[in-house]
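Let me begin by presenting the structure, written as structure tokens, before commenting on it.
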Amino acid sequence: MARWLPRSTDLTRFCQKLNRVKTLEDDMMETSFNRCLSTIDLTLLGIGGMVGSGLYVLTGTVAKEIAGPAVIVSFIIAGFASLLAALCYAEFGARVPKTGSAYMFTYVSVGEIWAFLIGWNVLLEYMIGGAAVARAWSGYLDSIFNHKIKNFTETHVGAWQVPFLARYPDFLAAAILLVATAFISFGAKVSSWLNHVFSAISMGVILFILIMGFVLAQPKNWSAQEGGFAPYGLSGIMAGTATCFYAFVGFDVIAASSEEARNPQRAVPTAIAFSLGLATGAYILVSVVLTLMVPWHTLDPDSALADAFYRRGYAWAGFLVAAGSICAMNTVLLSNLFSLPRIVYAMAEDGLFFQVFSRVHPRTQVPVVGIMVFGLLMALLALIFDLEALVQFLSIGTLLAYTFVAASIIVLRFQQQKGDVPAPAVSGQLNPEPREGPSGGELKEYESFSDKLQLVDKSKEQREPGQLKAAFEPYLEFLSDFYPGEVVTVAVVTLMVSAICLCSILVFGNTHLHLPTWSYSLLLVLFSLGFLLSLLLIWAHEQQHSTQTFQIPLVPLSPALSIILNIYLMLKLSYMTWLRFAVWLLLGLLVYFGYGIWHSKENLREPRPQRVSARYVVFPGGSLEERVQAVQPSSQPATGLPDSDTDDCKR
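Numbering-wise (UniProt numbering), the sequence shown opens with residue 1 and increments by one.
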């Protein structure tokens, strides 16, 4: 029986395969895409992804049903929370200017299987999101014509009463998606130009709403007679924040487009900052004028802005609002169709998804197969499926991606950069022969024992990223024996586990678990201490400081706050959302273990063991250790060593 059990070495090798990270090219600006997008192009793409139908629908819904006029405060808090995630995306987009967004960022820092699952969830998020916006676009246009399109379809095609299917086929929603797919396939420049047109119209309408709204504003609508500014109290403001948070999820289109930016190191952080700032300002100001124009408790949640102008005697303004809403929805459609094929392309290019999706059209320089296939799938979803029950699924995929990107920032910041390990030159000795490491860094062999000792002395003088800070060494000396970054990785895992437990107690402690007050308080204190101690342990290590690209400030505090906020919001979702999420994850694991793990390009970079020899290896702690490792035959060039952060010293 025991012979059928896997050996420990096989399990170790299997786990290493699951957690291997992507090896980046030396020239990350080299691409098969067309680098044609400017900072303005990326900014407008981000605005188009965020300022969509939510501006015209979400503001009225949250104001009437959740927060009242305090929806303004909800948008401010949600904007700040989104800023934490956006800054993480900005740093990664500048440092790794490759398409793939959260998938790529997770792959280069955390591991392969986690990256695949993030990409798998983002894929479904974009498909459902695009189809849902297309149906909202169709419904909004249909309402302008007194639902004649719906009535015609139900009369001549028929209505369905089937679970998970829409009441009637929405041909208009499918048609707009197919048209948008055709435009996206013409190239990034055409897509950007089309987005400029719709964004300009949408922003013009928003400007009109703000000017007319402030002219028609009545401060008495915030008075106590109308219920006051915050009728639902602090709980209503925080509940509104959780809903408003999802209005800002479109900024990741900028990171997904970084491989088509002319100067991604500068353009990506700038575009994310400007687009998020403008979107937050638009949501806040529109909420102000909406709740000042009419009493908040009389708002129509389905068409709050148009109804507010109608009740103030400006019915003609409703047509302008409708035009702005349709244009805003068009920009969201373009944003979804623009990002989705590029993330699929990144996964296929790495071998984790079917290779056919990595084909780039030679003339338009876009992943045309992915655009066509997923455009058709999105149109099919919008045509026949009832998407209302699936819309909440969008939230969990986005929040999971935000969480992993924030964790990846911490891990990457405390890792050694490519080629960081210095090699001292010693006079009177043979020149060391450089060798290429698995991550592209240069490893060098030393012939004499004095070279080894000099390298040990140098490692004590210079502290690399991931090593314990000198000030903490007398108190945490036992941590000096670990590899640089190893303790930080364990601390990040502990931090995330503590955050999950802490948020679980906050969300379920009094309601579902019915914990006594003493145990509720004790668990909160214990998990809070675990979270803070993990944070302090990470901070006690050196991090990368010298870089030419944008870096998020206050690391590890800023990413840690983003992690705990995202986990809290995920746990607030319904159990049906988690059930659907689990089913989708299982399907993703089948794809990964059936195809991705075998076709991953990182398989080709793994060295094949041929023979063994004894070598001295110098570790940063300053000790010499003899170990046996695989070595390539002398007839083949060396492809790398198991640990790229150490120097091999040939005995």
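No residue lacks a Cβ here, since even glycine has one placed at the ideal position from N, Cα and C.
What number of angstroms, rounded off, separates the C-alpha of Ala182 from the C-alpha of Leu476?
As a working mapping, residue 182 is identified with position 182 in the sequence shown. As a working mapping, residue 476 is identified with position 476 in the sequence shown. C-alpha separation (whole angstroms): 60 Å.
Classify Leu468 as helix, strand or coil using the three-state DSSP reduction.
Looking up residue 468 in the sequence shown gives position 468. If DSSP states are grouped into helix, strand and coil, Leu468 belongs with the strands.
Just to check my reading of the structure: Ala323 and Val51 have Cβ atoms closer than 8 Å, yes? What is that Cβ distance to the nearest angstrom?
In the sequence shown, the residue the question calls residue 323 occupies position 323. In the sequence shown, the residue the question calls residue 51 occupies position 51. No, Ala323 and Val51 are not in contact; Cβ-Cβ is about 15 Å, not under 8 Å.
Alpha-carbon to alpha-carbon, Lys17 and Thr9
Position 9 of the sequence shown, counted from the first residue, corresponds to residue 9. Position 17 of the sequence shown, counted from the first residue, corresponds to residue 17. Those two C-alpha atoms are separated by around 12 Å.
Enclosing alpha helix (DSSP H) for Gln265 [first to last residue]
The sequence position of residue 265 within the sequence shown is 265, counting from 1. First-last of the alpha helix (DSSP H) with Gln265: Pro264 to Met293.
Looking at C-alpha atoms only, which residue of Ile371, Arg311, Thr270 and Asn146 is the closest neighbour of Ile552?
For this step, residue 552 is matched to residue 552 along the sequence shown. Residue Thr270 is the option with its Cα nearest to Ile552.
Val456 to Tyr126, Cα distance in whole Å?
For the purposes of this step, residue 456 is taken as the residue at position 456 of the sequence shown. For the purposes of this step, residue 126 is taken as the residue at position 126 of the sequence shown. Summary for Val456: the model assigns pLDDT 45, below 50, so the residue's position carries little reliability, and this model does not support an answer.
Below 8 Å on the Cβ atoms is my contact criterion, and I expect Ala401 with Val122 to pass it. Report the Cβ-Cβ distance as a whole number of Å.
The residue you call residue 401 lines up with position 401 of the sequence shown. The residue you call residue 122 lines up with position 122 of the sequence shown. Yes, Ala401 and Val122 are in contact; Cβ-Cβ is about 6 Å, under 8 Å.
Cβ-based burial, Phe80 [other Cβ within 10 Å; buried from 16]:
Residue 80 sits at position 80 when you count from the first residue of the sequence shown. Flag for Phe80 reads exposed.
Would you call the CB atoms of Leu276 and Phe251 closer than 7 Å?
In the sequence shown, residue 276 corresponds to position 276, counting from 1. In the sequence shown, residue 251 corresponds to position 251, counting from 1. Contact: yes.
Answer with yes or no whether the minimum CB distance from Arg262 to chain D is below 7 Å.
No chain D is present in this structure, which holds just one protein chain.
Taking the Cβ atom as the reference point for each residue, do Val286 and Leu83 lie within a distance shorter than 7 Å?
For this step, residue 286 is matched to residue 286 along the sequence shown. For this step, residue 83 is matched to residue 83 along the sequence shown. Their beta carbons are not under 7 Å apart, which means Val286 does not touch Leu83 by this criterion.
Consult DSSP for Phe593 and reduce its assignment to one of helix, strand or coil.
Reading the sequence shown from its first residue, position 593 is the one you call residue 593. In this structure, Phe593 counts as helix in the three-state DSSP scheme.
Neighbour-count burial assignment, Ala279, 16 or more Cβ in a 10 Å radius:
Working through the sequence shown from its first residue, we reach residue 279 at position 279. The residue in question, Ala279, is buried, as its Cβ has 16 or more Cβ neighbours within 10 Å.
Just the C-alpha distance for Leu87 and Phe550, rounded to the nearest angstrom, thanks.
In the sequence shown, residue 87 corresponds to position 87, counting from 1. In the sequence shown, residue 550 corresponds to position 550, counting from 1. Computed Cα separation, rounded: 9 Å.
Own chain residues within Cβ distance below 7 Å of Ile144, not counting five before or after:
For the purposes of this step, residue 144 is taken as residue 144 along the sequence shown, with counting starting at 1. Cβ neighbours of Ile144 beyond the five flanking positions: Ala322.
Tell me whether the segment 375 to 382 and the segment 129 to 139 touch, counting them as touching only if at least three CB pairs, one residue from each stretch, are closer than 8 Å.
yes
Ends of the alpha helix (DSSP H) at Pro156?
The residue labelled residue 156 in the question sits at position 156 within the sequence shown. Note on residue identity: the sequence assigns His, not Pro, to residue 156. Run containing His156: Lys148 to His156, per the alpha helix (DSSP H) assignment.
Selected residue, minimal CA-CA separation from Cys15, among His156, Val62, Ile113 and Glu91:
As a working mapping, residue 15 is identified with position 15 in the sequence shown. Ranking the options by Cα distance to Cys15, first place goes to Ile113.
In this structure, how does DSSP classify His361 when only helix, strand and coil are distinguished?
What you label residue 361 is simply residue 361 of the sequence shown in a count that begins at 1. Reduced to three states, the DSSP call for His361 is coil.
The alpha helix (DSSP H) with Tyr140 in it runs from where to where?
Sequence index remark: in the sequence shown, residue 140 carries index 140 (1-based). Tyr140 -> alpha helix (DSSP H) spans Glu112 to Ile144.
For His540, which residues of its own chain have a beta-carbon under 7 Å away from its beta-carbon, when the five flanking residues on both sides are left out?
Taking the first residue of the sequence shown as 1, we reach residue 540 at position 540. The question names His, but residue 540 is Ala in the sequence shown. Excluding residues within five positions, the ones whose Cβ falls inside 7 Å are Leu468, Lys469, Phe472 and Leu476.
How is Leu352 classed by DSSP in three states: helix, strand or coil?
Here residue 352 corresponds to residue number 352 of the sequence shown, with the count starting at 1. In this structure, Leu352 counts as coil in the three-state DSSP scheme.
DSSP state of Leu624, grouped into three classes?
Working through the sequence shown from its first residue, we reach residue 624 at position 624. In this prediction, Leu624 scores a pLDDT of 45, lower than 50, which makes its location untrustworthy; the coordinate-derived value is nonetheless stated afterwards. Note: Leu624 maps to strand in three-state DSSP.
Starting from Asn566, trace the alpha helix (DSSP H) both ways and give me its first and last residue.
For the purposes of this step, residue 566 is taken as residue 566 along the sequence shown, with counting starting at 1. Taken as a continuous stretch (DSSP letters only), the alpha helix (DSSP H) holding Asn566 covers Leu557 to Leu571.
Per DSSP, which one or two residues make a beta bridge with Ala261?
Reading the sequence shown from its first residue, position 261 is the one you call residue 261. Note: Ala261 sits in a beta bridge opposite Leu37.
Which residue wins for smallest C-alpha separation from Gly351, given the options Leu11, Thr61, Leu58 and Trp598?
Position 351 of the sequence shown, counting from 1, holds the residue named residue 351. Answer by Cα proximity: Trp598.
Proximity winner among Ala267, Trp578, Leu554 and Ala304, relative to Leu535 (alpha-carbon distances)
Numbered from its first residue, the sequence shown carries residue 535 at position 535. Ranking Ala267, Trp578, Leu554 and Ala304 by Cα distance to Leu535 puts Leu554 first.
Between residue 708 and Leu394, is the Cβ-Cβ spacing less than 7 Å?
Here the chain covers residues 1 to 651 and nothing more, so residue 708 does not appear.
Leaving out five residues before and five after Asn19 in sequence, what residues of the same chain have Cβ atoms less than 6 Å from its Cβ?
Within the sequence shown, the letter at position 19 stands for residue 19. Counting only Cβ-Cβ distances below 6 Å, and skipping sequence neighbours, we find Gly111.
If you reduce the DSSP assignment to three classes, tell me which class Leu165 lands in.
By 1-based counting over the sequence shown, the position of residue 165 is 165. In this structure, Leu165 counts as strand in the three-state DSSP scheme.
State yes or no: is the C-beta of Met293 within less than 7 Å of the C-beta of Gly213?
By one-based count along the sequence shown, residue 293 stands at place 293. By one-based count along the sequence shown, residue 213 stands at place 213. Their beta carbons are under 7 Å apart, which means Met293 touches Gly213 by this criterion.
Given that a residue counts as buried once 16 or more other Cβ atoms are within 10 Å of its Cβ, and exposed if not, what is Ala78?
Within the sequence shown, numbered from 1, the residue matching residue 78 stands at position 78. Ala78 is buried by the Cβ-count criterion.
For Ala491, tell me which candidate among Tyr592, Phe248 and Val411 has the shortest Cα-Cα distance.
Along the sequence shown, one-based indexing puts residue 491 at 491. When only C-alpha atoms are compared, the closest one is Val411.
Ordered along the chain, which non-local residues of its own chain (more than five positions away) have a Cβ less than 6 Å from that of Ala403?
Position 403 of the sequence shown, counted from the start, is the residue given in the question as residue 403. According to the sequence provided, residue 403 is Thr. The question's Ala does not apply to it. Closer than 6 Å at the Cβ level, and outside the excluded window around Thr403, lie Ile563 and Asn566.
Does the segment 257 to 270 touch the segment 61 to 68, meaning 3 or more C-beta pairs lie closer than 8 Å?
no
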